[in-house]
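First the structure, in the form of structure tokens, and then the observations on it.
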Amino acid sequence: MKLNDLFRSSLVVLMATHLLAACTAAPSSNRYSTTQAGTLQEVQFGTVLAVRPVMIEQNSSETGQVAGGIIGGVAGSEVGQGKGQIVGSVAGAVAGSAIGSIIDRASDAKQGLEITVKLQNERIVALAQIADEMFQVGDNVKILSSNGKSRVVH
Numbered sequence: 006m007k008l009n010d011l012f013r014s015s016l017v018v019l020m021a022t023h024l025l026a027a028c029t030a031a032p033s034s035n036r037y038s039t040t041q042a043g044t045l046q047e048v049q050f051g052t053v054l055a056v057r058p059v060m061i062e063q064n065s066s067e068t069g070q071v072a073g074g075i076i077g078g079v080a081g082s083e084v085g086q087g088k089g090q091i092v093g094s095v096a097g098a099v100a101g102s103a104i105g106s107i108i109d110r111a112s113d114a115k116q117g118l119e120i121t122v123k124l125q126n127e128r129i130v131a132l133a134q135i136a137d138e139m140f141q142v143g144d145n146v147k148i149l150s151s152n153g154k155s156r157v158v159h
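All letters in the sequence shown, in the order written, are residues 6 to 159 by the working numbering.
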């Protein structure tokens, strides 16, 4: 296997791995991923103090940037011979990532809610999540937390 082929294969595998890792959804009341299902969660009870609408955008460093980097790297590898081909791959990956990031930011944002909750221990917390369940001031709710992610549910 030539050095260029090894470099290209490594680049594609690395970027594909990042692409898969980047595909995480925003917190939601009613949706669990297969990795979240069956996971023990900490439960805290509280009362809703405030609710306000927000827009939840995909992080610009996620899918579009990685996909753009893969496409740019592969396209750039077709330029030149020898070291020029390697430079083309790297330059293509960088340019593709930048373009993918711009496209990502322009994608549709999702309707969300920022929910402020007073916990039973008197601590006040706020959480933004997809607006797939409606909350009102005074609602008694649970906050489910696991692995640094939380969601508010009735």
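Beta carbons: idealized from backbone N, C-alpha and C, even for Gly.
All of these numbers come straight from a predicted model, not from anything done at the bench.
Does DSSP classify residue i as helix, strand or coil?
i, result
"A136", "coil"
"A26", "Residue placement at A26 is flagged as unreliable, the pLDDT there being 43, under the threshold of 50; the coordinate-derived value follows with that caveat. A26 falls in the helix class under three-state DSSP."
"S38", "coil"
"V48", "strand"
"S94", "helix"
"S155", "strand"
"V56", "strand"
"S102", "helix"
In angstroms, rounded to a whole number, what distance separates the CA positions of residue i and residue j?
i, j, result
"K165", "A133", "Summary: the structure shown does not reach residue 165, with the chain confined to residues 6 through 159, and so no result is reported for it."
"I76", "A98", "7 Å"
"G74", "A55", "41 Å"
"H159", "Q63", "26 Å"
"Q41", "V130", "22 Å"
"V149", "N126", "Note that residue 149 is Leu in the sequence shown, not Val. L149 and N126: Cα-Cα distance of roughly 15 Å."
"M139", "P58", "11 Å"
"Q46", "V79", "42 Å"
"A26", "T39", "Only weak support is given to the placement of A26: the predicted model assigns it a pLDDT of 43, under 50, and the question is left unresolved by the model."
Check each candidate in the options and name the one with the smallest Cα separation from residue i.
i, options, result
"N152", "A136, T44 and M60", "T44"
"M60", "I91, M139, V79 and I135", "I135"
"V122", "K147, E138, V92 and S38", "K147"
"N35", "D144, G143, D137 and Q141", "D137"
Would you mind sorting residue i into buried or exposed? The rule is 16 or more other CB atoms within 10 Å of its CB.
i, result
"R156", "buried"
"V71", "buried"
"S2", "Not covered by the structure: residue 2. The range shown for the chain is 6 to 159."
"C28", "Confidence is the limiting factor: at C28 the pLDDT is only 47, short of 50, which leaves the residue's position unreliable, though a coordinate-based value still follows. With fewer than 16 other Cβ atoms within 10 Å, it is exposed."
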